[in-house]
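Asker: For reference, the structure I am asking about is given below.
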Amino acid sequence: MVVLTGGSSGIGRAAARAFAARGDKLVLAARGLTDLQKVAADCGGDVVVVPTDVSVRTQVDDLARVALDGFGRIDVWADTAAVMAYGRFEDLPPYVFDKVIATDLLGPANVARAALRVFRAQGHGTLILCSSLVGHVTAPSMSAYATAKWGLRALARTLRQETRDAPDIHVCQLVPGSVDTPIYTSAANYAGVVGRPPPPVDSAERLGAAVVRLADRPRRKLSVGAANRIVEFGFYGLPPVYDALVGPLMYRLGLSRRPAPADTGNVFASTPRSDGGPARNGRTAVGAAAAGALALGAAAALALRRGLRVR
1 MVVLTGGSSG IGRAAARAFA ARGDKLVLAA RGLTDLQKVA ADCGGDVVVV PTDVSVRTQV
61 DDLARVALDG FGRIDVWADT AAVMAYGRFE DLPPYVFDKV IATDLLGPAN VARAALRVFR
121 AQGHGTLILC SSLVGHVTAP SMSAYATAKW GLRALARTLR QETRDAPDIH VCQLVPGSVD
181 TPIYTSAANY AGVVGRPPPP VDSAERLGAA VVRLADRPRR KLSVGAANRI VEFGFYGLPP
241 VYDALVGPLM YRLGLSRRPA PADTGNVFAS TPRSDGGPAR NGRTAVGAAA AGALALGAAA
301 ALALRRGLRV R
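Position one of the sequence shown corresponds to residue 1 (the UniProt record's numbering), numbered consecutively onward.
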């Protein structure tokens with residue numbers, strides 16, 4: 001039996017379809033009832049939907065009770081709920097920054113608290129927390145999201161340490177790179193232009209399949225993204241080079257040229273789902289991304305080979 005928070009769009013929606021296709025019992029949760037009902041209809045069968053804001057602890061606790069009352073146990077709880085905000089840190093209204101943290105960090109904490117309580121009582125269970133490549137590196141105009149995802153990485157590792165006494169309880173972390181989901185266009189925006197997923201971009205279905213894979217074969221971390229390892233290598237291997245390149249690459253590839261007025265997006269309330277990201281990068285941009293990633297990795301490798309220590 002699977003609980004999916006963030007199940008109304010993107011990775012969560014794809015994971016719901018993948019679990020349903022093989023006959024798993026599902027409880028789907030997200031803030032928007034209409035989109036939840038659409039996903040449930042896509043899944044077919046006996047799918048329970050529970051409108052839930054993961055940033056509200058009592059709602060998450062109620063969700064756990066609904067799942068237990070209906071099915072008697074929770075085998076897997078996957079949390080993919082997230083919101084995003086674009087803009088320089090000083091340009092983000094404090095209340096927007098705080099709400100992103102509440103959803104993307106305190107939300108998973110609420111989920112983990114409820115799930116682990118159930119798992120401890122029944123003696124088993126798998127918790128899957130959806131992080132991000134931006135939980136391992138940083139990028140300008142994404143301060144709130146990065147702060148939350150870095151905190152989530154610390155939480156996941158701590159939970160793994162604290163559940164070492166329970167070998168049948170697993171805490172997994174999914175680390176996507178760029179994914180074709182609505183999170184970019186529905187984000188709060190104080191950058192002046194619409195955000196977009198920088199290439200290379202994976203499909204939500206590929207990440208949904210990764211969630212199912214973790215449910216079947218739990219592991220500490222599953223990174224999905226062709227450029228993930230190269231970007232992380234550059235970030236940790238040669239920080240000055242990374243910091244010099246990430247700004248121009250972000251503004252070229254992670255932000256479109258389409259103007260956007262200052263807006264809170266879906267940070268405070270759900271918005272109708274769209275089925276993909278904004279205008280995609282063309283071949284020239286994809287080539288620039290590949291060249292930038294390779295330059296970053298090569299510079300870091302050279303520095304490490306020479307034994308350089310960069311602080």
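A virtual CB, placed ideally from N, CA and C, is assigned to each residue, including glycine. All of these numbers come straight from a predicted model, not from anything done at the bench.
Considering only residues of the same chain and omitting the five flanking positions on each side of G6, which have a CB-CB separation below 7 angstroms?
Answerer: Once the five neighbours on either side are set aside, the close Cβ partners of G6 are G12, A30, D79, T80, A81 and A82.
Asker: Pick from G247, L129 and D91: whose alpha carbon is nearest that of L106?
Answerer: Closest by alpha carbon: L129.
Asker: Going by beta carbon distance, what residues of the same chain come within less than 6 angstroms of E205, once the five residues before and after it are set aside?
Answerer: Closer than 6 angstroms at Cβ, skipping near neighbours: A14.
Asker: How about the region 53-64 and the region 119-139: do they share at least three Cβ pairs that are nearer than 8 angstroms?
Answerer: The region 53-64 vs the region 119-139: no contact.
Asker: With H, G and I counted as helix, E and B as strand and the rest as coil, what does DSSP make of G282?
Answerer: Low local confidence applies: a pLDDT of 45 at G282 is under 50, so the model's placement there is unreliable, with the coordinate-based value given in what follows. Residue state, collapsed to three classes: coil.
Asker: Out of L4, S9 and D35, which has the shortest C-alpha to C-alpha gap to L26?
Answerer: The candidate whose alpha carbon is nearest that of L26 is L4.
Asker: May I ask you to list the residues that DSSP assigns as paired with C172?
Answerer: DSSP output for C172 lists I128 as bridge partner(s).
Asker: Straight-line CA distance for T264 to M142?
Answerer: Cα to Cα, T264 sits roughly 14 angstroms from M142.
Asker: Is N266 helix, strand or coil by DSSP?
Answerer: Residue state, collapsed to three classes: coil.
Asker: Can you round the beta-carbon distance between T126 and V50 to whole angstroms, since I take them to be within the 8 angstroms contact cut?
Answerer: Wrong, their Cβ atoms sit about 20 angstroms apart, outside the cutoff.
Asker: Could you tell me if F89 is buried or exposed, where buried requires 16 or more neighbouring beta carbons within 10 angstroms of its beta carbon?
Answerer: Burial call: exposed.
Asker: Among R153, D24, P140 and A269, whose alpha-carbon lies nearest the alpha-carbon of D216?
Answerer: Among R153, D24, P140 and A269, the Cα nearest to that of D216 belongs to D24.
Asker: Report all residues from its chain with a CB closer than 6 angstroms to the CB of A188; omit the five preceding and five following residues, and keep chain order.
Answerer: The answer, listed in chain order, is A85, V96, T264, G265 and V267.
Asker: What is the residue span of the beta strand (DSSP E) that S203 lies within?
Answerer: Run containing S203: V201 to S203, per the beta strand (DSSP E) assignment.
Asker: So the alpha helix (DSSP H) T34 belongs to, where does it begin and stop?
Answerer: Counting along the chain, the alpha helix (DSSP H) containing T34 begins and ends at L33 to C43.
Asker: Comparing alpha-carbon positions, which option in V111, P176, Q161 and H136 lies nearest G237?
Answerer: Comparing Cα-Cα distances from G237 to each of V111, P176, Q161 and H136, the minimum goes to H136.
Asker: Checking the sheet assignment: what are the DSSP bridge partners for G87?
Answerer: BP columns for G87 point to M142.
Asker: Between residue 330 and P218, is the Cβ-Cβ spacing less than 7 angstroms?
Answerer: Lying outside 1 to 311, the shown extent of the chain, residue 330 is not represented and no answer is given.
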